[in-house]
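Asks: Chains as they are written, first to last, in full-length UniProt numbering: chain A, 1 to 337; chain B, 1 to 377.
Using N, Cα and C, we set each Cβ at its ideal position, and we do this for glycine too.
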Amino acid sequence: MPRKSFRQALNEAMRLEMRRDPRVFVMGEDVAGGKGASGEQDAWGGAFGVTKGLLAEFGPERVRDTPITESAFVGAAAGAAMTGLRPVVEIMFVDFMGVCFDQIFNQAAKFRYMFGGKAVTPMVLRATFGAGTRSASQHSQALYPLFTHIPGLKVVVPSSPYDAKGLLIQAIRDDDPVIFLEHKAMYDDMGEVPDGAYVVPFGEAGVLRDGGDVTIVAYGRMVGRAMEAAARLARDGIEATVVDPRTTSPIDIDTIVETLEETGRLVIVDEAYPRCGMASDIAGIVAEEAFGLLKAPIQKVTPPHAPVPYAPELEAAYIPSVEKIEAAVRKAVGWTR
Amino acid sequence: MSAAVTPVRMPRYGMTMTEGAVARWLVAPGEAVAAGQDLAEIETTKITNVETAAAAGVLRRAVVEAGRIVPVGTLIGVIADAGVPDAEIDAVVAAQAEWVVEAADTDAGPVDEVVTVGALSIALRRTPGAGPSDAVPVVLIHGFGGDRDNWMFVESQLAAERPVLALDLPGHGASGTEIGDGTLKTLAGAVTGLIDALNLPRAHLVGHSLGGAVALAAAAARPEAVASLSLLAPVGFGPEIDGGYIAGFLAAERRKDLKDILGRLFANADAVERRMIDDVLRMKRRDGVPEALAAIAAAVFPDGRQAVDLRAEAASLACPVAVIWGEADRIVPIAHAAGLPAGVATSRIAGAGHMPQLEAPAEVVRALRDCFARAGV
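1) Which same chain residues end up closer than 6 Å to Gly57/B when comparing Cβ atoms and leaving out the 5 residues on each side of it in sequence?
2) In chain order, what residues of the segment 221 to 248 of chain A put their CB closer than 8 Å to some CB of chain B?
3) Within the same chain, show all residues whose beta-carbon is closer than 6 Å to that of Arg348/B, passing over the 5 residues directly before and after it, in chain order.
4) So Val207/A contacts chain B; which residues on that side make the cut at Cβ distance below 7 Å?
5) By how many angstroms is the C-alpha of Pro163/B removed from the C-alpha of Glu363/B?
6) For Pro177/A and Ala171/A, I'd like the C-alpha separation in whole angstroms.
7) Taking 8 Å as the CB-CB limit, is Gly33/A close to chain B?
8) Relative to the C-alpha of Pro307/A, which residue among Lys295/A, Glu271/A and Met27/A is closest?
9) Determine the contact status of residue 338/A and Thr66/A, defining contact as a CB-CB distance below 8 Å.
10) Ends of the beta strand (DSSP E) at Asp244/A?
11) Cβ closer than 8 Å: which chain A residues qualify as neighbours of Glu180/B?
12) What does Arg286/B pair with, by DSSP beta-bridge criteria?
13) Counting contacts by CB-CB distance shorter than 8 Å, is Asp147/B in contact with chain A?
14) Which residues of chain A have a Cβ atom closer than 7 Å to the Cβ of Asp287/B, listed in chain order?
15) Can you check the segment 282 to 308 of chain A for any beta strand (DSSP E) of at least 3 residues that lies completely inside it and give the ranges in chain order?
16) Do Leu59/B and Val27/B have their beta-carbon atoms positioned less than 8 Å apart in this structure?
17) Whose C-beta lies closer than 7 Å to the C-beta of Val101/B among residues of the same chain, with five residues either side of it excluded?
18) State the start and end residues of the unbroken alpha helix (DSSP H) segment that holds Leu16/A.
19) Mapping the DSSP letters down to three states, classify Ala104/B as helix, strand or coil.
20) Compute the Euclidean distance between the alpha carbons of Met17/B and Ala80/A, then round it to the nearest angstrom.
21) Pairing CB atoms from the segment 193 to 210 of chain A with CB atoms from the segment 154 to 162 of chain A, are three or more of them under 8 Å?
22) Of the residues Leu16/A, Gly203/A, Gly264/A and Gln141/A, which one's Cα is nearest the Cα of His305/A?
23) At 8 Å on the CB atoms, spell out the chain B contacts of Glu204/A, in chain order.
24) So that I know if they touch, is there some Cβ in chain B lying closer than 8 Å to that of Asp210/A?
25) With a cut-off of 8 Å, does the C-beta of Met190/A fall near any C-beta of chain B?
26) Less than 6 Å between C-beta atoms, sequence neighbours within five positions excluded: which residues of the same chain meet that for Ala13/A?
27) Please list the partners that Gly166/A has in chain B, where partner means a Cβ-to-Cβ separation under 8 Å.
28) Considering only C-alpha positions, which residue in the set Ser280/A, Val200/A and Ala205/A is nearest to Arg282/B?
29) Taking only runs of the beta strand (DSSP E) that begin and end inside the segment 104 to 183 of chain B, which ones reach a length of at least 3 residues, in chain order?
30) Check whether chain B comes within 8 Å of Met1/A, counting only Cβ atoms and requiring the distance to be less than that.
31) Listing by chain order, which chain A residues have their CB less than 7 Å from the CB of Arg68/B?
32) Beta-carbon within less than 8 Å of Cys276/A's beta-carbon, same chain only, minus the 5 sequence neighbours each way: which residues are those?
33) The alpha helix (DSSP H) with Ser321/A in it runs from where to where?
34) Which residues, in order along the segment 148 to 180 of chain B, keep a beta-carbon less than 9 Å from a beta-carbon of chain A?
35) Got a sec, what are the start and stop residues for the beta strand (DSSP E) Phe129/A sits in?
36) Could you check what DSSP says for Phe96/A in three-state terms: helix, strand or coil?
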């Protein structure tokens, strides 16, 4: 199977869906023009190069540069979606979503409910997230819990090029607003990705590794770290199951609980802030639904409750590391009453 | 190392396996073991398999304890004569405990190819044979809803003697979703077209289930290109088939539903691991695949019955023919193996279901080699 980057997988997903369905269009800051000489088109393909080449194939009607006004173009997308189009909007950094919260939380998320199911909003908002690129506190957050909190939104956090393509195709075909978050440090990650179109459904966790001692749940970039920790622990005879829920909303708790029937120990790795984050959310649901399966307290591996630091040493210490995951697993496995 | 010492390594089943776990030792250290005796259950991410002893002796060490995942090639145990001193066994373990074969280096690399046959695009994996340069290649054809990985336990063993081509039928695996009219004739035409496109003067055809019917129809259409024909639990010899399996396979969209369905393929349903389920789901979630599979099912198994009868074709063949069936097959009844033309070698495998190549690979390889030997090429 061909190997492709995370960036290429996302580009293919949009390209294939734009070929398949003329209602699909892309807009955002610099998605058509981008950096380059004055007047040059498609020089860069958005701030991270993900939409590169789409303008050449689909033209300016379907690949639209916008002004730096998220509130306006996200509102425009919600309206376009209500009229039957299927916008895919790029917002450079999820941190910027603050300026268009009303359009997302109070408009797009509510239409299906407020209009008795007669209006749907097939809109995808793509944005980068995550720390590790020295982008400081306003460009590094992992804000998926904010969107997870709002009913009516679906929230996707892919961890591999294969999943990224299938989840984005699913997002574009989905009739509800989808927040699709791409870790900015993963665009060059490589993986096997088929050429044609395929979907990865929402609300179905991936199980990347099976082991009987502990379940590690992780999202996005933390999945790779969880896998590395699991490989290290295996050398000492500690076998971990690694679960990537892939979507925070809907969330596949069933698969997590199913693995706990064997492991009885849960470690959750989350790059989001610890308060009201995915780690606390999953811990809460598991404590409620599967308390009897637990042999040890649930361990959370998260950053501290603080903005992402700019200083490289501090940023490295801030992000959950393989060592911290390993330590949390050892604590869970070694726990005695 | 003396000749009486046999290291047991983590086997590699199929080309994609990089690690495996000893699920269970079936022989305790210190116990005698006969060559070919069941030694250990090896669990891969797709399925659990029983590894047999390569030599007779005593299992002197179980180096890797049950439950541990180790890379392919890792020393997992040592078989030796009772007379070999402990010090020599210890030396073998010490020398090789940390030694691991890189999976990529153990075989001359299999190559993935895509071949265009008319409107169809056929993906296949070609494993160069380690045998004589004039050895006739074997073409492996999977069943309905399967793919080339169904042969993971037999592929490398067959490749020790001859090139192995494991194809994906149209609408399956990595092949294109164009299936024409989806009939047996079209699928058989894809196989003969592939043989022509690859310039193979002759091939041993091996087909499983629907792939058995495909292989048989291909052999009947082009007898001069077929050196021998081996059919595992083939479709085409009777009207019955588990229609509920076909319908359930087509309908299953989630892991849980599919796990129950795939379990019907095996005598031991617990052998199905999560990765096998995930792989089938991945295939079913490709654009065009559900429609292609439904069209093939409608053409070949309308109303949950087999629509084709190939007994006359089987009788017309001059090449060696073997039929291999698991006695616990719940999909295509083993009763269909009765009444076949004289000269068809029939192997009934106890303890195997509809997938003997996964549940009893050693027996299947033996039966296939016997069939190839009768062809003499």
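Replies: Let me lay it out:
1) Ile79, Ala80 and Asp81
2) Residues of the segment 221 to 248 of chain A with a Cβ closer than 8 Å to any Cβ of chain B, in chain order: Ala234, Gly237 and Glu239.
3) Trp325 and Glu327
4) Arg274
5) 20 Å
6) 8 Å
7) no
8) Glu271/A
9) As shown, chain A starts at 1 and ends at 337. That puts residue 338/A outside it, with no answer to give.
10) Ala240 to Asp244
11) First, the amino acid is wrong: residue 180/B is Gly here, not Glu. Per Cβ cutoff of 8 Å: no residues; Gly180/B is ~18 Å from chain A at best.
12) Tyr198/A
13) At a cut-off of 8 Å between C-beta atoms, Asp147/B does not count as an interface residue with respect to chain A.
14) Gly196, Ala197 and Tyr198
15) The qualifying runs are 299 to 301.
16) yes
17) Low local confidence applies: a pLDDT of 45 at Val101/B is under 50, so the model's placement there is unreliable, with the coordinate-based value given in what follows. So the qualifying residues of the chain are Val72 and Gly73.
18) Going by DSSP, Leu16/A is part of the alpha helix (DSSP H) stretching over Phe6 to Arg20.
19) In this predicted model, Ala104/B has a pLDDT of only 40, less than 50, meaning its place in the structure is not dependable enough to derive any value.
20) So the alpha carbons of these two residues sit roughly 48 Å apart.
21) yes
22) It is Gln141/A whose Cα lies nearest to the Cα of His305/A.
23) Arg254 and Arg255
24) Taking CB atoms only, Asp210/A has a neighbour in chain B less than 8 Å away.
25) Not closer than 8 Å to any Cβ of chain B, the Cβ of Met190/A fails to qualify, so no.
26) Excluding positions up to five away in sequence, the list reads Lys165, Leu168 and Ile169.
27) Arg285
28) It is Val200/A.
29) 111 to 117, 120 to 127, 138 to 141 and 164 to 167
30) The Cβ of Met1/A sits closer than 8 Å to at least one Cβ of chain B.
31) Gly237
32) Pro145 and His149
33) That residue, Ser321/A, is in no alpha helix (DSSP H); it is neither H nor E in DSSP.
34) Ala174, Gly176 and Thr177
35) Val124 to Phe129
36) helix
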